[in-house]
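Just so it is clear: in the first sequence, position 115 is 115 by UniProt numbering, and no numbers are missing. Beta carbons are placed, not taken as given, at the ideal position from N, Cα and C, and that holds for glycine.
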Amino acid sequence: MRKPCCDKEGTNKGAWTKQEDQKLIDYIRAHGEGCWRTLPKAAGLHRCGKSCRLRWINYLRPDIKRGNFSEDEEDLIIKLHALLGNRWALIAGRLPGRTDNEVKNYWNSHLRRKLISVGIDPNNHRMNQSLPRPQNRCLSSPSTSSESLSAPSKPSKTVGEDDQLSDAATCVENEALGLHGLNLDLTMAVPSSSSSIEKKKQQSAELKTREVVENDGVPTLLLFR
DNA sequence: AACGCGTGCAACCGCCTTATT
DNA sequence: TAATAAGGCGGTTGCACGCGT
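This is the structure we're talking about:
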């Protein structure tokens, strides 16, 4: 039986107050992102460590870019989703200042609908056969541009993930020839505030990608190298 | 003005992965 | 090598807000 991540008794839940935010910011400014489990107590917060981490990463971090997503960002999210499925953290890693939660929310609230509206199944990035195939397929400006996003089966972490990835990669690879001006060089960008944590993340991403390449047996795009 | 409905987003939950002992 | 702790991730929920009726 797994222990809960924190003592549920006596911890606040729900929306963060300004005072709590300030305590968290002050503490991290003074001590850095240390051990999340002990941070709440040290910072004088009645919160679960996970909750503190989430609040910091998704909202309080100084390098977070807030506001609307640009068309370029939209395009990139869609293409990366075609390649990677619901790996929001990896996708967000390609969008400086954006968090996985933000990307995930944006996908679920905007982009999914957008894809559906142009006749593309957001789960597999294939054209919905019941709908007429549009001539122009740019998703951020559907009426003007073109590209095809056929791709993977249902994004799933457990079943057929490699197949999905290779399938998606192959499709996008095929299309990539027609991707005018889109930067699909997926080298991990290390933020200026890079730390050992970021380096670890990068290494982890590299590892995962290599797994795909090695396990697949099918030539796929080599990402994050 | 009041109500219902849909949407967007912050936050939580539970599982998985990684590190440590 | 196994057990445990901690971090990280994706799915989901719940609430606030805006809009239409």
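Measuring alpha carbon to alpha carbon, tell me which of the options ends up nearest residue i.
i, options, result
"residue 86", "124, 65, 118", "124"
"residue 59", "127, 95, 122, 24", "24"
"residue 95", "50, 113, 69, 36", "69"
"residue 74", "36, 98, 126", "98"
"residue 14", "46, 30, 41", "46"
"residue 51", "11, 111, 92", "11"
"residue 63", "16, 93, 111", "93"
Taking just the CA atoms, how far does residue j sit from residue i?
i, j, result
"residue 18", "residue 119", "43 Å"
"residue 34", "residue 48", "14 Å"
"residue 65", "residue 71", "15 Å"
"residue 38", "residue 28", "12 Å"
"residue 44", "residue 26", "11 Å"
In the DSSP output, what is residue i paired with across the bridge?
i, result
"residue 26", "Residue 26 is not bridged to any residue."
"residue 120", "127"
Q: Could you tell me whether the stretch 54–61 touches the stretch 19–31, using the rule of 3 or more Cβ pairs below 8 Å?
A: Three or more Cβ pairs closer than 8 Å define a contact, and the stretch 54–61 meets that threshold against the stretch 19–31.
(Q) Taking 8 Å as the cut-off, does the stretch 76–83 touch the stretch 96–110 (at least 3 CB pairs, one atom from each stretch)? (A) Touching, yes, given that three or more Cβ pairs across the two stretches are closer than 8 Å.
Q: Return the chain-ordered ranges of every alpha helix (DSSP H) run that is complete within the stretch 33–75 and spans a minimum of 4 residues.
A: Taken in chain order, the complete alpha helix (DSSP H) segments of 4 residues or longer contained in the stretch 33–75 are 39–43, 49–55.
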